[in-house]
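K.L.:
When you line the sequence shown up against our numbering, it's residues 306 to 747, in that order.
The beta-carbon is built from N, C-alpha and C at its ideal position, and this holds for glycine as well.
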Amino acid sequence: MSDETFDVIVVGAGVLGVATAYYIQKNNPDKRILLIDRLSAPGQANTAMSAAAVRNMFASSTNQLLTDTSIKFFEHIQEEMGHELMFEKVGYLWLLGEEQFNHESVKLWMERMERSGVHFRVYNKEELKELIPGLNTDFSNDEEAELMNLREVAYGLFGADCGVLDPTRLVDFYYEEFKKISHVKPRFGVNVTRLLLEADPKLDLPGEPFVWQFKRVNGVVTDKGEVLRAETTVLATGAWANELLDPIGMNSLLKAKKRQLFVIHAQDKKDLLDLLYTKGFNELGCIPFVILPTAGAGGSVYFRPQLEEKGFWIGCGDKLGRAYDYVQTEDYANSEISYYELSLYPVLSKYFPAFADVKPVGGWGGGYSYSPDAIPTVYKENGVIVVNGASGSGIMKSDALARIADALYRGQPEAELYGGRKIPSDALSLKHRQVEPENVVI
Ligand SMILES: Cc1cc2nc3c(=O)[nH]c(=O)nc-3n(C[C@H](O)[C@H](O)[C@H](O)COP(=O)(O)OP(=O)(O)OC[C@H]3O[C@@H](n4cnc5c(N)ncnc54)[C@H](O)[C@@H]3O)c2cc1C
């Protein structure tokens, strides 16, 4: 089988790969860019498994910039370009105990949001009780709550500019725009088995590359035995990054972690319907995305409204006790009902008794691709551009990350994000990282 040559190969057609392919093609119209994925269509892996929520309420000004500009671009796509993303500004509401609210990390978080102009407001317990009558704020004499390390809700931190959208529609937007301007038909059902690491320059000696030679990645090898060559290989392979990078000695510093969502339907359940259609937070007249106070070893149970299904999706950012893996495994797709019943449900029903005795009608799992500081990694080394490490918030950062990857491709020192704000192109690199670490990871 003969080699094929392109200017750029983008491996991975999740939201990060598709958006990156689009920006590189848009700004380099003559280049031949091949987008490939082992699944049968774009956006079918973790992009489709997400809670599909977007927020600019981060503690790190780096993440604030990445999300704020991306969210504004999503609004632009929907409002001005007429591409429906089902972007609904339901808002995000963090429920916090007294101690948690007064903790220095929360003070710093609020200070940094104020400094960056991220809008938020604080509700006290009485205001919360009035807005959400179904919220239990009284754990006095509740031995179970004490045993479970649950804190009484004292405050709420609310961001009105946050919301939910349909990631499939977002992927469609980038994919359709990419196809309009690209010269090469994307390929699906193609598994990349390894990166093509070669001597630079090649001397065509048997056994190359040797340790004394310079080396670079000149493309990929696929499971069909094809050798696909390119000057630049973009790796947007999400929670599978290590599979391709580790074997050639590039340390991505990324780890995969399983995350799950459970679906609860509210039909015919008055208390749950009342909760779903809580007024006063947004124009949709629904409960925002709600994050419960941190319990025990740092796991925050959360839920988001799902208005089309008249229900909720429940999840949890469990920390200690949930394994990190080398790459995402097949088991990630399965939701563990015992995890819901024994870990999430007792917490959820304590704060919101409307969930008591209601069972999930379904659920699914997927993977986060964690970086050490919970800030994405975008860098160019050895002929490879890596776009990854979104640490559970890649949809909401996708536009900014893709623009940074394109700036790296073009050798620009700065990337211009939507709205004109700028970031050094190597700010998210491993070698010249200039980021504020994040501690508001859900
Ligand atoms: C339960 C859950 C909830 C989440 N909630 C949110 C949320 O509310 N908001 C948010 O912004 N983010 C959320 N996320 C995170 C978000 O889903 C990810 O950050 C985002 O999808 C990352 O996009 P990606 O393109 O890197 O990954 P993916 O969508 O996983 O795409 C990677 C692609 O690479 C392909 N690939 C990998 N290796 C190879 C190979 N060797 N050959 C060919 N193809 C390959 C895969 O098939 C896949 O299509 C959540 C994730 C989970 C699991």
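Give the secondary structure of ILE680 by DSSP, where H, G and I count as helix, E and B as strand, and everything else as coil.
P.N.:
Within the sequence shown, residue 680 is the residue found at index 375, counting from 1. Note: ILE680 maps to coil in three-state DSSP.
K.L.:
Exposed or buried, which one is MET268 when buried takes at least 16 other CB atoms within 10 Å?
P.N.:
The chain is shown from 306 up to 747; residue 268 falls before or after that span and cannot be answered.
K.L.:
Roughly how many angstroms lie between the CA atoms of GLN518 and ASP731, to the nearest whole one?
P.N.:
Position 213 of the sequence shown, counting from 1, holds the residue named residue 518. Position 426 of the sequence shown, counting from 1, holds the residue named residue 731. Computed Cα separation, rounded: 26 Å.
K.L.:
Exposed or buried, which one is PRO552 when buried takes at least 16 other CB atoms within 10 Å?
P.N.:
Within the sequence shown, the letter at position 247 stands for residue 552. Exposed, by the Cβ-count rule.
K.L.:
Near ARG337, what residues of its chain come up, given a Cβ to Cβ distance below 6 Å and the 5 sequence neighbours on each side ignored?
P.N.:
Counted from its first residue, the sequence shown places residue 337 at position 32. Around ARG337: PHE311, ASP312, HIS488, VAL489.
K.L.:
Which of helix, strand or coil does DSSP assign to THR442?
P.N.:
Counting from one through the sequence shown, the residue named residue 442 turns up at place 137. It is coil, neither helix nor strand.
K.L.:
Rounded to the nearest angstrom, what separates LEU500 and VAL539 at their Cα positions?
P.N.:
On the sequence shown, residue 500 is found 195 positions in, with the first residue counted as 1. On the sequence shown, residue 539 is found 234 positions in, with the first residue counted as 1. When rounded, the distance between both Cα atoms is 11 Å.
K.L.:
If you measure between the beta carbons of LEU390 and PHE378, is that distance less than 8 Å?
P.N.:
Counted from its first residue, the sequence shown places residue 390 at position 85. Counted from its first residue, the sequence shown places residue 378 at position 73. No, the pair does not count as a contact, with Cβ atoms beyond the cut-off.
K.L.:
Check whether the Cβ atoms of GLU719 and ARG708 sit closer than 8 Å, and answer yes or no.
P.N.:
Here residue 719 corresponds to residue number 414 of the sequence shown, with the count starting at 1. Here residue 708 corresponds to residue number 403 of the sequence shown, with the count starting at 1. Taking 8 Å as the Cβ cut-off, GLU719 and ARG708 do not qualify as a contacting pair.
K.L.:
Opposite PRO610 in the DSSP bridges: which residues?
P.N.:
Here the question's residue 610 lines up with position 305 in the sequence shown. In the DSSP output, where bridge partners are listed per residue, PRO610 has PHE617.
K.L.:
Since ALA368 is in the alpha helix (DSSP H), which residue starts that stretch and which ends it?
P.N.:
Looking up residue 368 in the sequence shown gives position 63. In the sequence on display, residue 368 carries Asn and not Ala. First-last of the alpha helix (DSSP H) with ASN368: 366 to 384.
K.L.:
Going by the beta-carbon positions, is the gap between ILE592 and THR583 smaller than 8 Å?
P.N.:
Looking up residue 592 in the sequence shown gives position 287. Looking up residue 583 in the sequence shown gives position 278. Yes; because the gap between Cβ atoms is below 8 Å, this pair is in contact.
K.L.:
For ASN693, list the residues DSSP reports as bridge partners.
P.N.:
Start at 1 with the first residue of the sequence shown, and residue 693 comes out as number 388. Per DSSP, THR682.
K.L.:
Which class does ASP342 belong to by DSSP, given the choice of helix, strand or coil?
P.N.:
Residue 342 sits at position 37 when you count from the first residue of the sequence shown. Note: ASP342 maps to strand in three-state DSSP.
K.L.:
Can you have a look at ASN361 and say buried or exposed, based on whether 16 or more other CB atoms are within 10 angstroms of its CB?
P.N.:
If you number the sequence shown from 1, residue 361 lands on position 56. Result: buried.
K.L.:
Measuring CB atoms only, is the stretch 736 to 745 touching the stretch 669 to 688, in the sense that at least three cross pairs come out at less than 8 Å?
P.N.:
Result yes; three or more Cβ-Cβ pairs closer than 8 Å.
K.L.:
Can you name, in chain order, every residue of its own chain whose Cβ lies under 6 Å from the Cβ of PRO347, other than the five neighbours on each side?
P.N.:
Residue numbering aside, residue 347 sits at position 42 when the sequence shown is read from its first letter. If we look at PRO347 and ignore the five residues flanking it on each side, its Cβ neighbours are ALA318, VAL323, VAL476, TYR480.
K.L.:
Is DSSP giving GLN405 helix, strand or coil here?
P.N.:
The residue given as residue 405 occupies position 100 in the sequence shown. Note: GLN405 maps to helix in three-state DSSP.
K.L.:
Hey, quick one: how far does the alpha helix (DSSP H) through LEU713 stretch, first residue to last?
P.N.:
In the sequence shown, residue 713 corresponds to position 408, counting from 1. Its alpha helix (DSSP H) spans residues 703 to 714.
K.L.:
Are LEU433 and VAL395 closer than 8 Å when you measure CB to CB?
P.N.:
Here residue 433 refers to the residue found at position 128 when the sequence shown is read from its first residue. Here residue 395 refers to the residue found at position 90 when the sequence shown is read from its first residue. No. Outside cutoff.
K.L.:
Using the three-state DSSP reduction, which class does LYS412 fall into: helix, strand or coil?
P.N.:
As a first step, residue 412 is located in the sequence shown; it is residue number 107 there, counting from the start. Looking at LYS412 - three-state DSSP - the assignment turns out to be helix.
K.L.:
Is it the case that the Cβ atoms of THR344 and PHE586 are separated by a distance below 8 Å?
P.N.:
Taking the first residue of the sequence shown as position 1, residue 344 is located at position 39. Taking the first residue of the sequence shown as position 1, residue 586 is located at position 281. Note that residue 344 is Leu in the sequence shown, not Thr. No, the Cβ-Cβ distance between LEU344 and PHE586 is not below 8 Å.
K.L.:
To the nearest angstrom, how far is it from the Cα of TYR328 to the Cα of ILE690?
P.N.:
Walking along the sequence shown from the start, residue 328 turns up at place 23. Walking along the sequence shown from the start, residue 690 turns up at place 385. Looking at the two C-alpha atoms, the distance is approximately 14 Å.
K.L.:
Taking Cβ to Cβ, would you say GLN565 is nearer than 8 Å to TYR644?
P.N.:
Residue numbering aside, residue 565 sits at position 260 when the sequence shown is read from its first letter. Residue numbering aside, residue 644 sits at position 339 when the sequence shown is read from its first letter. Contact: yes.
K.L.:
Let me check you understand the geometry: is the CB of SER355 closer than 7 Å to at least one non-hydrogen atom of ligand 1?
P.N.:
As a first step, residue 355 is located in the sequence shown; it is residue number 50 there, counting from the start. Yes, Cβ of SER355 sits closer than 7 Å to a heavy atom of ligand 1.
K.L.:
Taking the straight line between their C-alpha atoms, what separation do you get for VAL663 and LEU647?
P.N.:
What you label residue 663 is simply residue 358 of the sequence shown in a count that begins at 1. What you label residue 647 is simply residue 342 of the sequence shown in a count that begins at 1. In a straight line, the C-alpha of VAL663 is about 14 Å away from that of LEU647.
K.L.:
Just to check my reading of the structure: GLY668 and SER640 have Cβ atoms closer than 8 Å, yes? What is that Cβ distance to the nearest angstrom?
P.N.:
Here residue 668 corresponds to residue number 363 of the sequence shown, with the count starting at 1. Here residue 640 corresponds to residue number 335 of the sequence shown, with the count starting at 1. So it is a contact: roughly 3 Å between Cβ atoms.
K.L.:
In the DSSP output, what is VAL526 paired with across the bridge?
P.N.:
On the sequence shown, position 221 is the one that residue 526 refers to. ARG499, VAL532, per the DSSP bridge assignment.
K.L.:
How far does the alpha helix (DSSP H) with GLN330 in it extend, from its first residue to its last?
P.N.:
Residue mapping note: residue 330 aligns to position 25 of the sequence shown, counting from 1. Run containing GLN330: 320 to 332, per the alpha helix (DSSP H) assignment.
K.L.:
Which value, in whole angstroms, describes the spacing of the CA atoms of LEU580 and TYR460?
P.N.:
On the sequence shown, residue 580 is found 275 positions in, with the first residue counted as 1. On the sequence shown, residue 460 is found 155 positions in, with the first residue counted as 1. Looking at the two C-alpha atoms, the distance is approximately 18 Å.
K.L.:
Whose C-alpha, out of GLU548, LEU577, ILE642, is nearest the C-alpha of LEU612?
P.N.:
Translated into the one-based positions of the sequence shown, residue 612 becomes position 307. It is LEU577 whose Cα lies nearest to the Cα of LEU612.
K.L.:
I'd like to know whether the C-beta atoms of LEU533 and GLY524 end up nearer to each other than 8 Å.
P.N.:
Against the sequence shown, residue 533 aligns to sequence position 228. Against the sequence shown, residue 524 aligns to sequence position 219. The answer is yes: Cβ separation under 8 Å.
K.L.:
Let's see if you can read the secondary structure: which residues bound the beta strand (DSSP E) around PRO742?
P.N.:
On the sequence shown, position 437 is the one that residue 742 refers to. Per DSSP, PRO742 belongs to no beta strand (DSSP E) and is neither H nor E.
K.L.:
Say yes only if the C-beta of SER345 is nearer than 7 Å to one or more non-hydrogen atoms of ligand 1, and no if none qualify.
P.N.:
Here residue 345 refers to the residue found at position 40 of the sequence shown. No, ligand 1 has no heavy atom inside 7 Å of this Cβ.
K.L.:
Which residues share a DSSP beta bridge with HIS570?
P.N.:
As a first step, residue 570 is located in the sequence shown; it is residue number 265 there, counting from the start. Bridge partners of HIS570: GLY616.
K.L.:
Is ILE700 closer than 8 Å to ALA364 when the C-beta atoms are compared?
P.N.:
Taking the sequence shown and counting its residues from 1, one reaches residue 364 at position 59. Taking the sequence shown and counting its residues from 1, one reaches residue 700 at position 395. Going by C-beta atoms, ALA364 is not nearer than 8 Å to ILE700.
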